[in-house]
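S.K.: Okay, handing you the structure first.
Protein chains: 2
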Amino acid sequence: MFDLFKNDHLNQQHDGAIFNLSGLCAFSTDSYVISPIFFRGGNIGELAVNGSVNDLAMCGAIPKFLSLAFILEEGLRMEEFWEILVSIKNASEAAGVQIVTGDTKVVEKGKGDKIFINTSGIGVIHPQANISFNRVSPGDKIIVSGNIATHGVAILSQRKGLEFETSMESDTAPLNGIVKNLLDTIGTDVHFMRDPTRGGVATVMNELAGQCKLGIDIIQKAIPTLEEVEGACEMLGLDPLYVANEGVFVCVVNATRAEEALQTLRQHPFGKNAAIIGEVTAQHAGQVVLTSKIGGRRVVNYLTGEQLPRIC
Amino acid sequence: MFDLFKNDHLNQQHDGAIFNLSGLCAFSTDSYVISPIFFRGGNIGELAVNGSVNDLAMCGAIPKFLSLAFILEEGLRMEEFWEILVSIKNASEAAGVQIVTGDTKVVEKGKGDKIFINTSGIGVIHPQANISFNRVSPGDKIIVSGNIATHGVAILSQRKGLEFETSMESDTAPLNGIVKNLLDTIGTDVHFMRDPTRGGVATVMNELAGQCKLGIDIIQKAIPTLEEVEGACEMLGLDPLYVANEGVFVCVVNATRAEEALQTLRQHPFGKNAAIIGEVTAQHAGQVVLTSKIGGRRVVNYLTGEQLPRIC
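From first to last, the protein sequence lines stand for chains A and B.
Sequential numbering from 1 applies to the first sequence in my numbering.
Sequential numbering from 1001 applies to the second sequence in my numbering.
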């Protein structure tokens, strides 16, 4: 493993990595327990790298260093582990982050599920970033960077053994590049960002409405969704608004810069389907209200329970 | 959970924590899968905090921030989880570190084992620290900070349902305080530090001998070990040199400062049994040689396999 990931930090083979940092930093952690561990569009290793890269990006940070910790169940096939390791290496290179420290534990058969991965990350805050729910104001526009619900539907349809005409793939991707472009261009007029993983866009919007004590209006027909994902959601009885995403983020920007933000996102391969999906309002504080395709308005609540366990 | 750990970082409820750092930093990660999760002398929560605090301390860092990620198995009792959370809070306060970001995942019954915890940590390198195997030289003295093998024997005897006359307890403890005292006093004459967790003192010494391409001589009778731990090891067929520790570290110091280092360690409650146990030599490069209590000399190899699985 040392050989695969070799760099000056790992080569010290110490209990931790040592490096220079200065200024405002972001620090995040996530454990990945997705099932199945290999899925259309990726595997748990790639997901674990992109997930922590994206958590840092959402803080307005430029991701720099990752830690990597495995909990392996006895009996995991070495070929599978190796394939995951290679994906981790490739994903970290693609995202421009270094894996600098790690840990591996093994548990008995039946005390884990093949492989769980924790990645924690450190990034340096972009000089023009100032991301906080406190900065969200009435009138701000809400933008989603791409088609929603693709990851969740891809995993769930695979779990259920469903095959759709066009095989959907997880959208797992590192968002640090597109976020950097956005911050370079729009700077502090980006007020808030969040990647709607577990719980989807509806959950993130509800959290934001609760935190900033403002209302949120969402226009259903403005939300970009692949036709086959919508179809699969209908078949599976899912609302795409609650389905997990991996390579998509939501941002809240000053209304006067919304069009510019949208164009910036669309210039990036991961943002070509970006769309303005709604806005922040002083009305119905704490609530998310959706205008449906046929023009009706309804409150979008938190989902009770977890719609899709082990989706990330 | 937010209420229990509340601080300015967690209160932002973002995907990551943001703080100022400057200078040389250390970053470490460890997952904890110990079984049983409650044991004499502590529980998995306390262990997870102390473990990452100690990994940072071994790098010569002053631990500052921890992340905290849980993988819970369905069916874990809320009272048990709460007790672990309270231990985590107390241990982080005792060590003077802040828990600034976290994650919780739940897996189905039979896909985990009650609770696994990952902590990752960030620390700032002590201004007088310069810890690296590259700095180890022939003649350097090897010091252990306390009685060895206590943690491993306490866990294993509990697992096997053995009761000894004096009930042994895990020595889990945060080592950042005692390490800071050592670095304040001895500074760059501390060449190397490592806490001998999995694999014990023998494994750490073998790793060091391999890394610095020098020999290591250990004097068996100089190694501090509780009498009941030695007795239990005999009964269980274990060599204390390979048994895991949690609140003990090994340091390699310039010979001219060894006595001063020893006295500094002994002034701290966690170091009162500190002892010089051997030295680095230009002989038998890459090998650890033990002089036994009866005066014989034998090579101490790496242990094949893991003596005590899920000990941390």
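From the three backbone atoms N, C-alpha and C, an ideal C-beta is built for every residue, glycine too.
Under three-state DSSP, which class holds residue 14 of chain A?
M.R.: Coil, per DSSP.
S.K.: Please check if any C-beta of chain A sits within less than 7 Å of the C-beta of residue 1103 of chain B.
M.R.: Closer than 7 Å: yes.
S.K.: Whose CA, out of B/1288, B/1080, B/1311 and B/1295, lies closest to the CA of residue 1203 of chain B?
M.R.: Nearest option by C-alpha distance: B/1288.
S.K.: Assign residue 318 of chain A to one of three DSSP states: helix, strand, or coil.
M.R.: No answer is possible for residue 318 of chain A: the residues shown for chain A start at 1 and end at 312.
S.K.: Any Cβ of chain B within less than 7 Å of the Cβ of residue 59 of chain A?
M.R.: With 7 Å as the cut-off, residue 59 of chain A counts as an interface residue toward chain B.
S.K.: Using a C-beta cutoff of 7 Å, does residue 1251 of chain B count as contacting chain A?
M.R.: False, the Cβ-Cβ gap to chain A never drops below 7 Å.
S.K.: Quick one: Cα of residue 1036 of chain B to Cα of residue 1159 of chain B, how far?
M.R.: Roughly 7 Å between the two C-alpha positions.
S.K.: Determine, using beta carbons only, whether residue 120 of chain A comes closer than 7 Å to chain B.
M.R.: By this cut-off, residue 120 of chain A is an interface position.
S.K.: Since residue 1050 of chain B and residue 1232 of chain B should fall inside the 8 Å C-beta cutoff, what is the C-beta to C-beta distance between them, to a whole number of angstroms?
M.R.: That pair is no contact at about 22 Å.
S.K.: Here's the rule I'm using: 16 or more other beta-carbon atoms within 10 Å means buried, otherwise exposed. How should residue 1040 of chain B be labelled?
M.R.: Classification for residue 1040 of chain B: exposed.
S.K.: Would you verify that the beta carbon of residue 1025 of chain B is, or is not, closer than 7 Å to some beta carbon of chain A?
M.R.: True, the Cβ-Cβ gap to chain A drops below 7 Å.
S.K.: Quick check: the Cα distance between residue 1205 of chain B and residue 1133 of chain B, rounded to an integer number of angstroms?
M.R.: C-alpha separation (whole angstroms): 11 Å.
S.K.: Just checking: is the beta-carbon of residue 1029 of chain B within a distance shorter than 7 Å of some beta-carbon in chain A?
M.R.: Closer than 7 Å: yes.
S.K.: Please tell me whether residue 1171 of chain B and residue 1150 of chain B are closer than 7 Å, where the distance is taken between their beta carbons.
M.R.: Cβ distance < 7 Å, so residue 1171 of chain B and residue 1150 of chain B count as in contact.
S.K.: Using a Cβ-Cβ distance under 7 Å, would residue 1021 of chain B count as near chain A?
M.R.: It does; some Cβ of chain A falls within 7 Å.
S.K.: Name the residue from B/1216, B/1024, B/1161 and B/1180 whose alpha carbon lies nearest to the alpha carbon of residue 1291 of chain B.
M.R.: The shortest Cα separation from residue 1291 of chain B among B/1216, B/1024, B/1161 and B/1180 belongs to B/1216.
S.K.: From which residue to which residue does the beta strand (DSSP E) around residue 1098 of chain B run?
M.R.: That run of the beta strand (DSSP E) goes 1098-1107.
S.K.: From B/1227, B/1116, B/1064 and B/1079, pick the residue whose C-alpha is nearest to that of residue 1073 of chain B; which is it?
M.R.: Of the listed residues, the one whose Cα sits closest to residue 1073 of chain B is B/1116.
S.K.: Thinking residue 1258 of chain B and residue 1144 of chain B are a contact (beta carbons under 8 Å), I'd like their distance in whole angstroms, please.
M.R.: Rounded, the Cβ-Cβ distance is 12 Å, inconsistent with contact.
S.K.: If you draw a straight line from the C-alpha of residue 244 of chain A to the C-alpha of residue 1054 of chain B, how long is it?
M.R.: So the two alpha carbons sit approximately 37 Å from each other.
S.K.: Which chain B residues are close to residue 106 of chain A, counting only those with a beta carbon under 9 Å from its beta carbon?
M.R.: The answer, in chain order, is 1033, 1306, 1309 and 1310.
S.K.: Classify residue 45 of chain A: buried if its beta carbon has 16 or more other beta carbons within 10 angstroms, exposed otherwise.
M.R.: Classification of residue 45 of chain A: buried, given that the 10 Å Cβ count is 16 or more.
S.K.: With 7 Å as the threshold, decide whether the Cβ of residue 1213 of chain B is near any Cβ in chain A.
M.R.: Not an interface residue.
S.K.: Name the residues in the region 1111-1137 of chain B whose C-beta lies less than 7 Å from a C-beta of chain A; which are they?
M.R.: If the cut-off is 7 Å between Cβ atoms, the region 1111-1137 of chain B has 1111, 1112, 1113, 1116, 1118, 1120, 1122, 1125 and 1132 near chain A.
S.K.: Just checking, does the region 123-139 of chain A make contact with the region 55-64 of chain A on the three C-beta pairs under 8 Å criterion?
M.R.: Contact between the region 123-139 of chain A and the region 55-64 of chain A is present, because at least three Cβ pairs lie under 8 Å.
S.K.: Give the DSSP-derived three-state secondary structure of residue 226 of chain A in the structure shown.
M.R.: Reduced to three states, the DSSP call for residue 226 of chain A is coil.
S.K.: Are the C-beta atoms of residue 303 of chain A and some chain B residue less than 7 Å apart?
M.R.: Chain B, which has no Cβ nearer than 7 Å to the Cβ of residue 303 of chain A, makes this no.
S.K.: Using alpha carbons as the reference points, say which of A/148, A/90, A/255 and A/284 lies closest to residue 142 of chain A.
M.R.: For residue 142 of chain A, the nearest C-alpha among the options comes from A/255.
S.K.: Within the region 1160-1208 of chain B, note down every full alpha helix (DSSP H) run reaching 4 residues or more, in order along the chain.
M.R.: Segments of the alpha helix (DSSP H) lying fully in the region 1160-1208 of chain B: 1176-1186.
S.K.: Return the chain-ordered list of same chain residues with a C-beta closer than 6 Å to the C-beta of residue 212 of chain A, the five sequence neighbours on each side being excluded.
M.R.: So the list reads 133 and 136, once near-sequence residues are dropped.
S.K.: Among residues of its own chain, excluding the 5 on either side of residue 100 of chain A, which ones have a beta-carbon nearer than 6 Å to its beta-carbon?
M.R.: Closer than 6 Å at Cβ, skipping near neighbours: 9, 17 and 65.
S.K.: State yes or no: is the C-beta of residue 69 of chain A within less than 7 Å of the C-beta of residue 1197 of chain B?
M.R.: It is not a contact, given that the beta carbons lie outside the stated cut-off.
S.K.: For residue 18 of chain A, decide whether its Cβ has a neighbour in chain B, counting only Cβ atoms nearer than 7 Å.
M.R.: Residue 18 of chain A counts as touching chain B.
S.K.: Alpha carbon to alpha carbon, how far is residue 1127 of chain B from residue 31 of chain A?
M.R.: Cα-Cα distance, rounded: 33 Å.
S.K.: Please list the residues of the region 1193-1211 of chain B that have a C-beta atom closer than 8 Å to any C-beta atom in chain A, keeping them in chain order.
M.R.: Answer set for the region 1193-1211 of chain B: 1194, 1195, 1207 and 1211.
S.K.: Entirely within the region 281-305 of chain A and at least 4 residues each: give me those alpha helix (DSSP H) ranges in chain order.
M.R.: Complete alpha helix (DSSP H) runs here, min 4: none at all.
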